[in-house]
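Below is one structure, written out as structure tokens; the observations come after it.
There are 2 protein chains.
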Amino acid sequence: MQHTLVSPQLVDETLRRAAIDNMDNASIRDIVKVTNLLEKASGLPYVRMEMGVPGLAPNRIGTDAEIAALQKGVAQFYPMLEGLPELAAETSRFIRNFIDVGIAPEHILPTVGAMQASYVSFMALTEYKEGEDTVLFIDPGFPVQKTQMEVIGKPYITFDIYEYRGRKLREKLESYLKKGNICAIVYSNPNNPSWVCLTEEELQIIGELATRYDIVALEDLAYFAMDFRRDLSHPGKAPFQPSVARYTDNYILMISSSKLFSYAGQRLGLLCVSDALFNRKYPHLKARYNSEELGYTLAYKLIYTQTSGTSHSPQYAVAAILKAANEGKLDILQDAREYGKRAGSMKELFRKAGFAIVYDKDGEEEIGDGFYFTIGYPGMSGGELARELLHYGISSLPLKGCGSTREGLRACVSQIGQDKIELLKERLARFRQDHP
Amino acid sequence: MQHTLVSPQLVDETLRRAAIDNMDNASIRDIVKVTNLLEKASGLPYVRMEMGVPGLAPNRIGTDAEIAALQKGVAQFYPMLEGLPELAAETSRFIRNFIDVGIAPEHILPTVGAMQASYVSFMALTEYKEGEDTVLFIDPGFPVQKTQMEVIGKPYITFDIYEYRGRKLREKLESYLKKGNICAIVYSNPNNPSWVCLTEEELQIIGELATRYDIVALEDLAYFAMDFRRDLSHPGKAPFQPSVARYTDNYILMISSSKLFSYAGQRLGLLCVSDALFNRKYPHLKARYNSEELGYTLAYKLIYTQTSGTSHSPQYAVAAILKAANEGKLDILQDAREYGKRAGSMKELFRKAGFAIVYDKDGEEEIGDGFYFTIGYPGMSGGELARELLHYGISSLPLKGCGSTREGLRACVSQIGQDKIELLKERLARFRQDHP
Chain A
1 MQHTLVSPQL VDETLRRAAI DNMDNASIRD IVKVTNLLEK ASGLPYVRME MGVPGLAPNR
61 IGTDAEIAAL QKGVAQFYPM LEGLPELAAE TSRFIRNFID VGIAPEHILP TVGAMQASYV
121 SFMALTEYKE GEDTVLFIDP GFPVQKTQME VIGKPYITFD IYEYRGRKLR EKLESYLKKG
181 NICAIVYSNP NNPSWVCLTE EELQIIGELA TRYDIVALED LAYFAMDFRR DLSHPGKAPF
241 QPSVARYTDN YILMISSSKL FSYAGQRLGL LCVSDALFNR KYPHLKARYN SEELGYTLAY
301 KLIYTQTSGT SHSPQYAVAA ILKAANEGKL DILQDAREYG KRAGSMKELF RKAGFAIVYD
361 KDGEEEIGDG FYFTIGYPGM SGGELARELL HYGISSLPLK GCGSTREGLR ACVSQIGQDK
421 IELLKERLAR FRQDHP
Chain B
1 MQHTLVSPQL VDETLRRAAI DNMDNASIRD IVKVTNLLEK ASGLPYVRME MGVPGLAPNR
61 IGTDAEIAAL QKGVAQFYPM LEGLPELAAE TSRFIRNFID VGIAPEHILP TVGAMQASYV
121 SFMALTEYKE GEDTVLFIDP GFPVQKTQME VIGKPYITFD IYEYRGRKLR EKLESYLKKG
181 NICAIVYSNP NNPSWVCLTE EELQIIGELA TRYDIVALED LAYFAMDFRR DLSHPGKAPF
241 QPSVARYTDN YILMISSSKL FSYAGQRLGL LCVSDALFNR KYPHLKARYN SEELGYTLAY
301 KLIYTQTSGT SHSPQYAVAA ILKAANEGKL DILQDAREYG KRAGSMKELF RKAGFAIVYD
361 KDGEEEIGDG FYFTIGYPGM SGGELARELL HYGISSLPLK GCGSTREGLR ACVSQIGQDK
421 IELLKERLAR FRQDHP
């Protein structure tokens, strides 16, 4: 007797309707769509682990500041491309307080989400030196960044970090860099989808190579400070958010307000260019965009022509949040720690049901509990497992589409409140009965 | 004796500092910068006509709705790429009420300002058919749209409409279209910078040719309904905002909330794709962006990868404004009519001081009073005139940089409140005394 909650016929038919043959090839949005259809047809609310949307209320300091700004009438005025001066100033202080490195306020640009930060960075970095137009991704990673490269029309190369942790990373990176066509190394830390957190040794390797080959390390800090194994929440006090910025001057940091402050809706990202790079002149940027300096090109050629800056009132919101964080009046992890707790409970349930954590270690250390974790089941590919779990009311994302070479799934904890944990337990028990 | 208010030495030195040799080649932002420097050094507040920023308070219905949305917590949630359903629905009604054409809500996409609307349109339209990658601009026009083309890396052609009004437009357009490399015709109506409003005859010509050559008319309605010669403010009642949409199915409209509703700061534009085009499939889009349908490409490949949509709360603001307009509870021109009054007063002062209106007619009709007007002075080029006026505390934009073949300036009325009119009068009197 099978213990499925949704009939195989319905799952098959729904996947067919969405033109999904193998779930390894489905995009996040495809899977969201399939899950919506399955919920509607079956009447069963799913345990939804497929998409990384913030699951907590937005930071109140932010909405209060934004409402005050609207009441003052800021909706009338174009924001400056350099952003609100307070926002740049507080971001600069934030970077000093929580990463312990220095970036001048004038080298920080607000963007329409970290999405625009990476888009314009790719446009600039693939054009700054003739012949160096290829981006190297340390995978697994956020699939949309590769779609950005495709839309821009520039080449990229990726490899899965799984086999190249620690000092093995140096040789692997150099095997690409010595070819001379790489313009930038991109990675997220903590990592989406695997929740790998690069060790100081690994960040040092990346930094040293960025300097040696004179290329840029583009560091995606979308999950800033959310490695809960250390308490990174105290301004001006170690431990700090690890960053390549400590090991090279050739870096750009991308900070997001979406996950840490649950402010995804207002699309406010921060593009933080190192002091050494911002005013650096590149003849090929001049040839391509008629603008020689990297920072000026990002602000006045790329952000300006794409969106003419980013909405005005959200800049007040994020400035107020960062100010409170800098002054120690806001614990930046106050809300986000909830994600770590959920991950801990969920991982335990999965392990008990016979699953294994795919990306399980950072160096010698057990991987942290955070916004995502990865799971595999013996004898099943990621695509097969994702499909199978749909029968038990659980949705997830195969790792293949994120550039992973491992078989397994990404699970996002954000939509799994404590009330869903019990549901997950029951459903995994059913799965386990059918897959002994 | 000279009657200048700012010394020639200071003007020369400031222009040199800004690396401006000839003002005909200066960008809007260059001139803003020069004027800021001159104000600071001379202590004289300028009559600032160089930049098209909204000069009125933001629409209150908008800010109230936006504040209510923030209080509900929308800052947490990613907006859908298709936009808030109410926003799309009200925009569709608005287009029916004020243009008298039909576009289904699902073919309307919110963008980060009309800036993003044109950027993504250029990216899609220059790739939709092999060999048709050149955009044709009916000039004069907004200079940044050409910078967008340069950033995207695609060719464009322009001509000045001045000599080709009325039925002469057909032959001129066909001389380009028959070469087969044009993908789209772009123009603004009312026109920035000249305030030319295309006649129904001209719009019909553009529409017929867009159909005949199967290309897209991309109509920039940034100054929607602001041709004050007719009262276009009554929902569902003629006269309507003129549009190419009445003459072809091959159109895309771009609507802005910046000028009409003084909502520039929140960056909310509307990209309205005709029902005939939205789901149309183009094999070359598939080859280039891996997405065959025009509308899907715009939303899921271009807007998604660039910004992942546009800020959430401003969508509530504009939806509420459009709803009030549709229900006849808001006179859409209530605030904007002020611009027409200012233009009337200012043009009279300039005429009395010996200036002439450069773009002076639409067909047989005198040009309207609106957000911009154009002026020339006998015996002086646009660059010379702009420079000369700086000595009298007046800043403006030469027409050359807007693709005009005429000598003269664009004057924007937005920052010239009634208190500044008297100042302008005195300063023009000084100019007149020195240039008899």
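Just so you know, the sequences run in chain order A and B. Every letter in the first sequence is one number past the one before it in our numbering, and letter 193, counting from 1, is 193. Every letter in the second sequence is one number past the one before it in our numbering, and letter 248, counting from 1, is 248. Ideal Cβ positions, reconstructed from N, Cα and C, are used throughout, including at glycine. None of these values were measured; they are calculated from a predicted model.
Determine, using beta carbons only, whether His435(A) comes closer than 8 Å to chain B.
no
Buried or exposed by the 16-neighbour rule on C-beta atoms within 10 Å, applied to Thr297(A):
buried
Residues in the same chain with beta-carbon distance under 7 Å from Lys361(B), minus the five sequence neighbours each way, listed in chain order, please.
Ile367
Under 9 Å (Cβ pairs) to chain B, residues found in the region 288 to 310 of chain A:
Arg288, Tyr289, Asn290, Tyr300, Lys301, Leu302, Tyr304, Thr305, Gln306, Thr307, Ser308, Gly309, Thr310
Using the Cα positions of Arg16(B) and Pro85(A), report the straight-line distance between them to the nearest angstrom.
28 Å
Just list the residues that DSSP pairs Thr132(A) with in beta bridges.
Contrary to the premise, residue 132(A) reads as Glu rather than Thr in this sequence. Glu132(A) pairs with Lys129(A).
Given 8 Å as the limit, is there contact between the region 304 to 320 of chain A and the region 338 to 348 of chain A, that is, 3 or more CB pairs closer than that?
no
Backbone CA spacing between Ala225(B) and Thr91(B) [nearest angstrom]
15 Å
Return the residue from the list Ala217(B), Ser175(B), Val244(B) that minimises the CA-CA distance to Glu201(B).
Val244(B)
Determine whether the beta carbon atoms of Lys108(B) and Leu270(B) lie at a separation below 8 Å.
It is worth fixing the name first, because residue 108(B) is Ile in this sequence and not Lys. Yes, the Cβ-Cβ distance between Ile108(B) and Leu270(B) is below 8 Å.
Return the bridge partner residues of Asp139(A) from the DSSP annotation.
Asp160(A)
Using a Cβ-Cβ cut-off of 8 Å, state whether Tyr282(A) counts as contacting chain B.
no
Expressed to the nearest angstrom, what Euclidean distance is found between the alpha-carbon atoms of Ile357(A) and Leu349(A)?
12 Å
Arg430(A): which of Gly354(A), Ala18(A), Ser414(A) sits nearest, CA to CA?
Gly354(A)
Taking 8 Å as the threshold (beta carbon to beta carbon), is Glu130(B) in contact with chain A?
no
Residue nearest to Thr310(A) in terms of C-alpha spacing, selected from Ile375(A), Arg280(A), Gly83(A)
Gly83(A)
According to DSSP, is Lys361(B) part of a helix, a strand, or is it coil?
strand
List, in chain order, every chain A residue whose beta-carbon is nearer than 7 Å to that of Tyr78(B).
Val53, Ala264, Gly265
Output the boundary residues of the beta strand (DSSP E) element that contains Phe373(B).
372 to 376
Inter-residue spacing [alpha-carbon to alpha-carbon] between Ile28(A) and Ala324(A)
34 Å
Ser175(B) versus Met1(B): straight-line alpha-carbon distance, rounded:
53 Å
Determine the DSSP secondary structure at Glu66(B), reduced to helix, strand or coil.
helix
Look up Cys402(B) in the DSSP assignment and say whether it is helix, strand or coil.
helix
At 7 Å on the CB atoms, spell out the chain B contacts of Leu70(A), in chain order.
Thr63, Glu66, Ile67
Opposite Leu109(B) in the DSSP bridges: which residues?
Leu271(B)
Using beta carbons (cut-off 8 Å, strictly below), is Gly113(A) in contact with chain B?
yes
Going by C-alpha to C-alpha distance, which of Thr126(A), Pro105(A), Val196(A), Ile252(A) sits closest to Ser404(A)?
Val196(A)
Nearest-angstrom Cα distance between Leu253(B) and Lys425(A)?
51 Å
So if I threshold CB-CB distances at 7 Å, which residues from the region 33 to 47 of chain A count as touching chain B?
none
Quick one: Cα of Ala19(A) to Cα of Ala386(A), how far?
16 Å
Rounded to whole angstroms, how far is the Cβ of Cys412(A) from the Cβ of Met51(A), which I believe are closer than 8 Å?
6 Å
Where do the ends of the alpha helix (DSSP H) carrying Ala88(B) lie?
85 to 98
Just checking, does the region 206 to 215 of chain B make contact with the region 223 to 238 of chain B on the three C-beta pairs under 8 Å criterion?
no
Gln116(A) versus chain B: which residues are under 7 Å apart at the beta carbon?
Gln306, Thr307
Can you tell me whether Asn290(A) is buried or exposed? The criterion is at least 16 other CB atoms within 10 Å of its CB, across all chains shown.
exposed
I want to verify the contact list: residues of chain B whose CB lies under 7 Å from the CB of His151(A), in sequence order.
At residue 151(A) the sequence reads Val, which differs from the His that was named. By Cβ distance, chain B contributes Tyr289, Lys301, Leu302, Thr305.
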